[in-house]
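One structure is given here, and the rest of the page talks about it.
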Amino acid sequence: MPSAGQAVLTIDGLQQLFDLLKRRGYRVLGPTVLDRAIVYDDIASLADLPCGWTDEQDGGHYRLVRRDDEALFGYAVGPHSWKKFLHPPTQRLWTAETTDAGVHIAAEPHASERLALIGVRACEIAAIAVQDRVLTGGAQVDPYYLARRNAAFIVAVNCGTAGGTCFCASMHTGPKATAGYDLALTELLDGPDHRFTVEVGSEHGRSVLAELSHRGATDQEVEQADAVVARTAASMGRAMCSDDVHDLLLRNLDHPHWAAVAERCLTCGNCTMVCPTCFCTTVEDASELDGSRATRSQRWDSCFTMDFSYLHGGSVRSSARSRYRQWMTHKLATWWDQFGTSGCVGCGRCITWCPVGIDITEEVAAIRDSEPS
Amino acid sequence: MEGLERIVREHPFFAGLPDAFCTLVCGCAKNVRFEAAQYLFHEGDPANQFYLIRHGRAALELHAPGRGPVTFQTLAPGEIVGVSWLVPPYRWTYDARALTLVRAIAMDAACLRQKCEADHDLGYELMKRFMPVLIQRLEATRLQILDVYGTHG
Amino acid sequence: MAEAVADPMLPQVARVQRRRRDGPDIWTLAIEPDMPGAAAAFAPGQFNMLTVFGVGEVPVSFSGDPAEGGPVIHTIRAVGPVSSALSRLDPGAPIGLRGPFGAGWPMAEMAGHDVVIVAGGLGLAPLRPALYRLLAERARYGQIVLLYGTRSPGEILFRREIEAWRRRLDIDIEVTVDHAAADWHGHVGVVTTLIPRAAFDPLHAIALVCGPEIMMRFAIAALHDAGLADEAIYLSMERNMKCAVGFCGHCQFGPVFVCRDGPVFRYDRVRAMLALKEI
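Respectively, the protein sequence lines represent chains D, C and R.
To convert, count from 1 in the first sequence and add 57; that's my numbering.
To convert, count from 1 in the second sequence and add 139; that's my numbering.
To convert, count from 1 in the third sequence and add 596; that's my numbering.
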């Protein structure tokens, strides 16, 4: 629940936040530069943050570029999303031991570490909420995801810079985080101090803020923060007219445009790996050579693989056309039927990380514009 | 002949056929009977007659070396045995064997072809009845060819 | 909020009690959980996930009598590594069991109706529990018709049982094969040809269809020709399954998850998808 008044943290306050979370037993994760990209990894201090960096993003294009200021969060999102930690690429499910007494199956214990996620963007909060619905909002619950999710502390950052492939504004998921966080920061670079306005989103957030050096925000600072967000909203790199997409795609499943996209799509699956809402997994069984012990593990899977829809000696979706269509219609259309929301949060990663620059916003427009009437 | 005319008229295949045509058709018809296991015709025989089953069941077979006779279709009352009489070379391409006692109307193929040639309206009425049979059999055969119950891949 | 959550991915340990060959590559297993009384009651049309430790897991429909306690019955075709491993398990061998999962046949809706069951090949196995239930509560239903088609006489599934049912006076059963040797005196031809001659009232009938997808499409067309509405036809779909609980994404068929929204679907719900290729 956002508090009536906003607070202000200085740079030192931010460092205090990291230290406090670490002292409270959290594994602190946040953005950092690695291999010429901004990724999410363990961070300990402000020095680990991508100070003064921004990202140049377009279809199939990602470069880090120096800014002319010292912004700590002056970039959009990179190839990692928080699903890397909340719904990790591999997860052991159980181990079965065979002894003379019989077979005993032990479930893998839930993760004991608690995660503090620093710098979570509005689109990412929306993506986490989407995965919450998929993995915990139905009749069945993924207990590993739930345990990690319940223990996570989320520090959101309202974007001060829109990315070249961002379209959260037209997906109604950002750029301002309105819920789903413990604390939300907006970086202010104008004026005397490099500082952050802070909004409290939960009791836990309130108790953490109470232990940091902070003061109340002035009206002017609140206005500045709003202006930052408004500027970001007005400078999105892309847009998707999203209100009618469900019906539009589902009545055009045989549209010739799917074949056109298929000509370009490599079915590499990058989009599914970087997409913060893609949740598909597969399982693998393994055993010791002597058969005394067997395990089952879950790992990320992609609907772009040939195996994904394997049935009775062949794949149901064997053409690239059918697999691209499956991904896009699931993300933008049937997700509504299954979960009551879009599966897309407008983060633009799939556009940036597609080797051939296929742009989901353009594909929707292409079908809409050439719909046989 | 009156009894035969009634039998022909009542057969489902000729349902709705105008009376005048019925009489024409009856001129080519006769009542026949096959005992169980008796053959109605053999592969290679001239297709001189075809049969409308009134009672009993018949099996259509092909003989494969090393496999013996393989039945690919069985037919029941109301159904037609034999369509090869419709087109040259008017020769049967499979065996037909009575599975049970079969009572049928045998139609003289040459007689009927002649009458259809003389009266095209009669010909069209009969075509309208034969076409659905052929098409249904074609569709069913396709499903059989796909061997859907087998394991594939 | 952090209370213990039941883990839907955790199997329980069970044993193969007995194994019987029911056709070429077809085996019926009787499976008993190690923990007494742990086998959950199931509804006809539902399925379990069976694990061969160290090899993998596959979905298999229940094929036994839902009214009988005792071992869980599954009929399996050995086609891949896991099903082949399942078919080679000796009595006493351990097996992992998860389930029951899925939406089953509409037993409640069938009360007061004629019931037409169209089964093809192994498709008879997921329908057998429904048949047991129908025959156990015979007075509830009108005409009951079973139309079964398979490749050849040697592949008729549950043959002795079908013959026993056929001797009853209150169920019509017709069996057909795609081809046969001369010693077969039954029907030869596709199962769809049995539909026009079956005795049921299309205005008050419900059809249950299960078999290869192509066969189901043809059967549904024939049921339409016989006068059944889309809302009166139910079919059992199959897709690749890994989790059986709607998490892994593999079994999606348009907007539905076959594991959770199916495998039994009323035809009107899936009609549009069945008409599309590679969906």
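We put the CB at the ideal spot given by N, CA and C, even for glycine.
A quick note: this is a predicted structure, and the numbers were derived from the prediction, not measured.
Buried/exposed call for residue i, threshold 16 Cβ in 10 Å
{"i": "C:ALA197", "result": "buried"}
{"i": "R:PRO859", "result": "buried"}
{"i": "C:TYR178", "result": "exposed"}
{"i": "D:CYS298", "result": "exposed"}
{"i": "D:CYS411", "result": "buried"}
{"i": "R:ILE802", "result": "buried"}
{"i": "R:LYS838", "result": "buried"}
{"i": "D:HIS144", "result": "buried"}
{"i": "D:LEU245", "result": "buried"}
{"i": "R:GLU599", "result": "Caution is warranted here: a pLDDT of 39 is assigned to R:GLU599, below 50, making its placement in the model unreliable, and no coordinate value can be reported."}
{"i": "C:GLY292", "result": "Reliability fails at C:GLY292, whose pLDDT of 48 lies under 50, so the model's placement of it is uncertain and the value that follows must be treated cautiously. The residue is exposed, with fewer than 16 neighbouring Cβ atoms inside 10 Å."}
{"i": "C:VAL272", "result": "exposed"}
{"i": "R:MET812", "result": "buried"}
{"i": "D:HIS261", "result": "exposed"}
{"i": "R:VAL841", "result": "buried"}
{"i": "R:PRO725", "result": "buried"}
{"i": "R:SER683", "result": "buried"}
8 Å Cβ cutoff met for residue i and residue j
{"i": "R:LEU718", "j": "R:LEU753", "result": "yes"}
{"i": "R:GLU751", "j": "R:PRO655", "result": "no"}
{"i": "D:VAL240", "j": "D:VAL257", "result": "One point to set straight first is that residue 240 of chain D is Leu, not Val, in the sequence displayed. For D:LEU240 and D:VAL257, yes; Cβs fall inside 8 Å."}
{"i": "D:ASP115", "j": "D:THR222", "result": "yes"}
{"i": "R:ASP768", "j": "R:VAL741", "result": "yes"}
{"i": "D:ILE105", "j": "D:LEU86", "result": "One point to set straight first is that residue 105 of chain D is Asp, not Ile, in the sequence displayed. Cβ atoms of D:ASP105 and D:LEU86: not closer than 8 Å."}
{"i": "R:LEU693", "j": "R:ALA818", "result": "no"}
{"i": "R:PRO677", "j": "R:ASN644", "result": "no"}
{"i": "C:ILE146", "j": "C:ILE274", "result": "no"}
{"i": "R:GLY716", "j": "R:SER832", "result": "no"}
{"i": "D:ALA236", "j": "D:ASN215", "result": "no"}
{"i": "D:ASP342", "j": "R:GLY650", "result": "yes"}
{"i": "C:GLU174", "j": "C:ALA249", "result": "no"}
{"i": "D:THR89", "j": "D:THR218", "result": "no"}
{"i": "D:ALA208", "j": "D:LEU172", "result": "yes"}
{"i": "D:CYS328", "j": "D:CYS407", "result": "yes"}
Residue of the options minimising C-alpha distance to residue i
{"i": "R:LEU606", "options": "D:TRP151, D:PHE210, D:VAL122", "result": "D:TRP151"}
{"i": "D:HIS137", "options": "D:GLY176, D:THR391, D:TRP393, D:ASP250", "result": "D:GLY176"}
{"i": "C:GLU293", "options": "C:GLY142, C:ILE146, C:CYS161", "result": "Because chain C in this structure spans residues 140 to 292, residue 293 of chain C falls outside the shown range and cannot be described."}
{"i": "R:TYR564", "options": "R:HIS800, R:THR746, R:ALA794", "result": "Summary: the structure shown does not reach residue 564 of chain R, with chain R confined to residues 597 through 875, and so no result is reported for it."}
{"i": "D:GLN72", "options": "D:ALA422, D:LEU310, D:LEU103, D:VAL265", "result": "D:LEU103"}
{"i": "D:ARG308", "options": "R:ALA868, R:ASN836, R:GLN739, R:ASP864", "result": "R:ALA868"}
{"i": "D:VAL134", "options": "D:HIS314, D:GLU181, D:HIS144, D:ASP92", "result": "D:GLU181"}
{"i": "R:GLY745", "options": "R:GLU757, R:TYR728, R:HIS709, R:THR788", "result": "R:THR788"}
{"i": "C:GLU218", "options": "C:TYR233, C:TYR190, C:ALA203", "result": "C:TYR190"}
{"i": "R:LEU870", "options": "R:ALA840, R:GLU834, R:LEU824, R:ARG856", "result": "R:GLU834"}
{"i": "R:PHE814", "options": "C:ASP286, C:LEU282, C:GLY289", "result": "C:LEU282"}
{"i": "R:ALA626", "options": "R:TYR830, R:ILE816, R:LEU685", "result": "R:LEU685"}
{"i": "C:LEU214", "options": "C:VAL226, C:ARG206, C:ASN187, C:ASP234", "result": "C:ASP234"}
{"i": "D:GLN355", "options": "R:SER659, R:GLU653, R:ALA602", "result": "R:GLU653"}
{"i": "D:ALA179", "options": "D:ARG353, D:VAL198, D:CYS404", "result": "D:CYS404"}
{"i": "D:TYR83", "options": "D:VAL279, D:THR334, D:VAL265", "result": "D:VAL265"}
Proximal chain R residues relative to residue i, where beta-carbon distance stays under 9 Å
{"i": "C:PHE101", "result": "Absent from the structure is residue 101 of chain C, since the part of chain C shown begins at 140 and ends at 292."}
{"i": "C:PRO310", "result": "What is shown of chain C runs 140 to 292, which leaves residue 310 of chain C out entirely."}
Partner residues on chain R for residue i, Cβ-Cβ distance less than 8 Å
{"i": "D:TYR367", "result": "ASN836"}
{"i": "D:LEU305", "result": "The premise fails here: D:LEU305 is roughly 15 Å from chain R at the closest Cβ pair, so nothing lies under 8 Å."}
{"i": "D:LEU389", "result": "What D:LEU389 touches in chain R: nothing, since even the nearest Cβ is about 12 Å away."}
{"i": "D:ALA351", "result": "PHE649, GLY650"}
{"i": "C:GLN253", "result": "Simply none; closest approach about 32 Å."}
Interface residues of chain D facing residue i [CB-CB closer than 8 Å]
{"i": "R:GLY698", "result": "None at all; the shortest Cβ gap to chain D is about 12 Å."}
Residue i beta carbon near the ligand NAD (any heavy atom closer than 7 Å)
{"i": "R:VAL741", "result": "Of the ligands one can find in the structure shown there are none, so the ligand NAD has no counterpart to examine."}
Contacts that residue i makes with chain D (C-beta to C-beta distance below 9 Å)
{"i": "R:CYS584", "result": "Because chain R is modelled from 597 through 875, residue 584 of chain R falls outside the range shown and cannot be assessed."}
Residue i: first and last residue of the uninterrupted beta strand (DSSP E) it sits in
{"i": "D:TRP110", "result": "110-115"}
{"i": "D:VAL340", "result": "338-344"}
{"i": "D:CYS407", "result": "Here D:CYS407 belongs to no beta strand (DSSP E); instead the alpha helix (DSSP H) covers 406-410."}
{"i": "R:MET645", "result": "643-648"}
{"i": "R:ILE691", "result": "690-697"}
{"i": "R:ASP710", "result": "710-716"}
Endpoints, the alpha helix (DSSP H) within which residue i is located
{"i": "R:SER657", "result": "From DSSP, R:SER657 is part of no alpha helix (DSSP H) but of the beta strand (DSSP E) over 652-657."}
{"i": "D:SER354", "result": "Note, D:SER354: premise wrong, no alpha helix (DSSP H); beta strand (DSSP E) at 350-357."}
Cross-chain neighbours of residue i in chain R, by beta carbon under 7 Å
{"i": "C:THR290", "result": "VAL675"}
Contacts of residue i in chain C (Cβ-Cβ under 8 Å)
{"i": "R:MET833", "result": "Per Cβ cutoff of 8 Å: no residues; R:MET833 is ~15 Å from chain C at best."}
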